[in-house]
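Visitor: Sharing a structure with you now.
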Amino acid sequence: KLHPAILLWGFGNEKNFYADTSTKRSEHLSYVNEVTTAIHEAESASGVWHPVCSPLMDNYLSEYFALESSYPNAVDVWCLNLYR
9 KLHPAILLWG FGNEKNFYAD TSTKRSEHLS YVNEVTTAIH EAESASGVWH
59 PVCSPLMDNY LSEYFALESS YPNAVDVWCL NLYR
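Per the working numbering, the very first residue in the sequence shown carries number 9; after that it's consecutive.
Shown next, in the form of structure tokens:
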């Protein structure tokens, strides 16, 4: 965890694939927020900090971005896998 080559933590690759309802998107972002908080809390004990992302594919992106203000600490940076 302390290696200088680690640039950021990424988890839950493309979990928005099945987020076809607002409830599923909210539940996903709530989970992402919870994990991001846990990662930052664990890192704070070691004195390091890395940004956290949960890569999204290009499904429902505008809906996710609209929810961003409801989950402002869910991710530190948006990571997107675009297939266009």
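Every residue gets a Cβ at the ideal spot worked out from N, C-alpha and C, and that includes glycine.
Determine whether the beta carbon atoms of Ile47 and Trp86 lie at a separation below 7 Å.
Guide: Working through the sequence shown from its first residue, we reach residue 47 at position 39. Working through the sequence shown from its first residue, we reach residue 86 at position 78. At least 7 Å separates the beta-carbon of Ile47 from that of Trp86.
Visitor: Which class does Leu88 belong to by DSSP, given the choice of helix, strand or coil?
Guide: Taking the sequence shown and counting its residues from 1, the one referred to as residue 88 is at position 80. Strand at Leu88.
Visitor: Under the three-state reduction of DSSP, which class applies to Val60: helix, strand or coil?
Guide: The sequence position of residue 60 within the sequence shown is 52, counting from 1. Of the three classes helix, strand and coil, the one that applies to Val60 here is strand, per DSSP.
Visitor: Which residues in the same chain have their Cβ closer than 8 Å to the Cβ of Asn81, if we skip the five residues on either side of it in sequence?
Guide: For this step, residue 81 is matched to residue 73 along the sequence shown. Only Asn41, Thr44, Thr45 meet the Cβ criterion.
Visitor: Label Ser54 either buried or exposed according to how many other C-beta atoms from any shown protein chain fall within 10 Å of its C-beta, with 16 as the threshold for buried.
Guide: Numbered from 1 along the sequence shown, position 46 holds the residue referred to as residue 54. With fewer than 16 other Cβ atoms within 10 Å, it is exposed.
Visitor: Quick check on the DSSP output: what are the complete alpha helix (DSSP H) runs of length 4 or more inside the region 15-59, in order along the chain?
Guide: 30-54
Visitor: Tell whether a beta-carbon distance below 7 Å holds between Asn24 and Leu75.
Guide: Here residue 24 refers to the residue found at position 16 of the sequence shown. Here residue 75 refers to the residue found at position 67 of the sequence shown. No, these two residues do not count as a Cβ contact at 7 Å.
Visitor: Inspect the beta-carbon positions of Tyr68 and Ala27 and report whether they are closer than 7 Å.
Guide: As a first step, residue 68 is located in the sequence shown; it is residue number 60 there, counting from the start. As a first step, residue 27 is located in the sequence shown; it is residue number 19 there, counting from the start. Cβ atoms of Tyr68 and Ala27: closer than 7 Å.
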